[in-house]
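A.B. asks:
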Amino acid sequence: MPQHQLILHVNDDNTSRPPSGAQEGGSSGRNDIVEVGSAATDLTLEDFGCSEKHVLSDGKTFKVAVVVKIKGMPVKNTKYTELRAFCGRVGIKAYKIKSKAELFGLIAQKKKDDKLYKPIFDAKMAERREPSRKQIQCPFRLLNIMFSDHFADRFVSLADQRSRADLDAAISAETLFWEEVCGIFVDNTPSEVIDNLIAAHPALDPQRIDPAKIVPHTARQLRAIWGSSHAAYRKAHIRYTASGTNKDDFYSFCHGHLDALYVYLHLQKRPGLTATVNQQLSEDVYYESENDPGLKSETPTKRKNDVAEAIRNFGNQPWRESVALRKQAAEERKILFLEMKEANKVKYLQRRSQIETRRVALQDYAF
1 MPQHQLILHV
11 NDDNTSRPPS
21 GAQEGGSSGR
31 NDIVEVGSAA
41 TDLTLEDFGC
51 SEKHVLSDGK
61 TFKVAVVVKI
71 KGMPVKNTKY
81 TELRAFCGRV
91 GIKAYKIKSK
101 AELFGLIAQK
111 KKDDKLYKPI
121 FDAKMAERRE
131 PSRKQIQCPF
141 RLLNIMFSDH
151 FADRFVSLAD
161 QRSRADLDAA
171 ISAETLFWEE
181 VCGIFVDNTP
191 SEVIDNLIAA
201 HPALDPQRID
211 PAKIVPHTAR
221 QLRAIWGSSH
231 AAYRKAHIRY
241 TASGTNKDDF
251 YSFCHGHLDA
261 LYVYLHLQKR
271 PGLTATVNQQ
281 LSEDVYYESE
291 NDPGLKSETP
301 TKRKNDVAEA
311 IRNFGNQPWR
321 ESVALRKQAA
331 EERKILFLEM
341 KEANKVKYLQ
351 RRSQIETRRV
361 ALQDYAF
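As C-alpha cells, then:
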C-alpha cells in the first residue's frame, strides 16, 4: 500500500508556540479577537472555516486542509492556549506537543475526516441502537413462530445433512428460513398462535411477558436469541435427565432461564421436535452465542473498529483499484513473455532442423 504523507498547514504566519506568559493577539480591548476561552464550550468544529490548498512535497502535490477563519475572524487572533483547550475537548489526539499552526492543521483535518466518515459511522451505530435491544418477551415470540405449524417441519430439516444443492446455492435454506421468521416476527398482524403464551406456568407472568409486543430485530439477532435459548435449554435438559434427580418440575433445573422453560413447554406439545432440539446442533445451523454483537450496546472498542473499517472502505478504494490494474498489467506481461518464449523455441527448432538438413546434404555430396 502506498504511504501517504500528512502535511498540515494553516494560513497564519505565526507558526511557533508563544512564550509562556506572553500576551497573544494584542490587548484584550480589541474587538476582533475570538475569545474562545470565555466561551470554550460554545465553539464547535462548524465555527472553523476550512479550505484546501495544494502543497508541493518531495516532488509531489498534495491537498491539505487549512483553517482560514474562526467565526468569521482571522485565525491569528486566536490564542494558543485556547486552541489546546478546544482540541482536548473535541477529542483530537497528540495535540499537547504541537505548535499553533499544527493545531490548526489537526482541527482542519478532523473536520474533513468527520465529513467523510461520519455517515458511514452513523449508519453502523444505527444498527445497534434502541429499540432493537433484546427484551423479555422476544424469545417467547420467536419460539411461538419457530414451533408453529408453518415453520416446525422446516426447523427440523435444518438439522439434517445439508445437500450439495443447498451448499452451492446463492441463498441457503438456512438464510431463507431466518429471513422468513424475521418477516413474521416484525409483522404486527394479530395472531392467536404468536401473540400469546402457549401454556400457563407459575414462573411465567403474562403481565410481564407479552409475545404480542414487537421489537424490530434483524434475522441475525433472532438467530442469536434462539442460540441463547437453545443453549440454556440444553444445559437444563442435561441436569434434568442426569441420574439421581427425582424432581418433576423442569423449571427447577433452568437456573432462572424462562426461555429454557418455554422451549420445554413447546416440546411437550410437539414431542416430534424433541430429538431435533436435544441434539447438539452445529454452529453454522443455529447461532449459539449469548454474546452476539448485534444485541449489545455500543462500546469504545466497537466504535474504534467502525471508524477503522470506514477509513479502510473509503481510503483503500483507489489503492485496491491500483493494485488490480498492476496485477492485470503483470499478467499481460507474463502472457507476452510466454508467447515470445514459445516463438523463440519454434525458431530455434526450425534453425536446428535446417542445420541438420544441410549436414545430411553435405554428407550425401561427399559420397
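In UniProt numbering, the protein residues as written are 1 to 367. C-beta atoms are modelled at their ideal positions from N, C-alpha and C, and glycine is treated no differently.
Going by other Cβ atoms of all chains shown within 10 Å of its Cβ, with 16 needed for buried, is GLU52 buried or exposed?
C.D. replies: Label assigned to GLU52: exposed.
A.B. asks: For PRO139, which option in ALA212, LYS79, TYR117, PHE177 has the closest C-alpha, if you only look at C-alpha atoms?
C.D. replies: Answer by Cα proximity: ALA212.
A.B. asks: Between the segment 219-229 and the segment 139-149, can you find at least three pairs of beta-carbon atoms closer than 8 Å?
C.D. replies: They touch, by the three-pair rule.
A.B. asks: Do HIS255 and ALA231 have their CB atoms nearer than 9 Å?
C.D. replies: Contact flag unset, no.
A.B. asks: Just curious, the alpha helix (DSSP H) that SER229 is in, first and last residue?
C.D. replies: Run containing SER229: 219-241, per the alpha helix (DSSP H) assignment.
A.B. asks: In chain order, what residues of the same chain have a beta carbon less than 7 Å from the beta carbon of GLN135, not counting five sequence neighbours either side?
C.D. replies: Hits under 7 Å: VAL215.
A.B. asks: With distances taken from CA atoms, which of LEU158, VAL193, ALA65 is nearest LEU116?
C.D. replies: When each option's Cα is compared against that of LEU116, the closest is ALA65.
A.B. asks: Considering LYS269, what are the terminal residues of the alpha helix (DSSP H) in which it resides?
C.D. replies: Here the alpha helix (DSSP H) through LYS269 covers 258-269.
A.B. asks: Could you say which of GLY91, CYS87, LYS347 lies nearest to GLU102 if we only look at CA atoms?
C.D. replies: Measuring from the Cα of GLU102, the nearest candidate turns out to be CYS87.
A.B. asks: How long is the line joining the alpha carbons of ARG208 and GLN137, rounded to whole angstroms?
C.D. replies: Taking the straight line joining both Cα atoms gives about 8 Å.
A.B. asks: In whole angstroms, what is the alpha-carbon distance linking GLU332 and ALA343?
C.D. replies: Distance between the alpha carbons of GLU332 and ALA343 is about 17 Å.
A.B. asks: Within 8 Å, do at least three Cβ pairs link the segment 148-159 to the segment 168-183?
C.D. replies: Flag = yes, the segment 168-183 and the segment 148-159 touch.
A.B. asks: State the DSSP-derived secondary structure class of GLU192, mapped to helix, strand or coil.
C.D. replies: Coil at GLU192, not helix or strand.
A.B. asks: If we ignore side chains and look at the alpha-carbon of each, how far apart do GLY21 and VAL75 end up?
C.D. replies: With a pLDDT of 44 at GLY21, under the threshold of 50, the predicted position of this residue should be treated as unreliable, and no value is reported.
A.B. asks: Which partner residues of THR61 appear in the DSSP bridge assignment?
C.D. replies: Answer is LEU56.
A.B. asks: In terms of residues, what are the limits of the alpha helix (DSSP H) holding VAL277?
C.D. replies: Segment 274-278, the alpha helix (DSSP H) holding VAL277.
A.B. asks: Cα-Cα, which of ARG270, SER99, LEU267 is closest to LYS79?
C.D. replies: Looking at the Cα atoms, SER99 is the closest of the given residues.
A.B. asks: So for LYS100, helix, strand or coil by DSSP?
C.D. replies: Note: LYS100 maps to helix in three-state DSSP.
A.B. asks: Is the CB-CB distance between LEU267 and LEU204 below 9 Å?
C.D. replies: Going by C-beta atoms, LEU267 is not nearer than 9 Å to LEU204.
A.B. asks: The alpha helix (DSSP H) spanning ARG89 covers which residue range?
C.D. replies: ARG89 -> alpha helix (DSSP H) spans 80-90.
A.B. asks: What residue range is occupied by the uninterrupted alpha helix (DSSP H) comprising ASP210?
C.D. replies: Per DSSP, ASP210 belongs to no alpha helix (DSSP H) and is neither H nor E.
A.B. asks: I'd like to check one pair, TYR251 with HIS217: are the Cβ atoms closer than 9 Å?
C.D. replies: It is not a contact, given that the beta carbons lie outside the stated cut-off.
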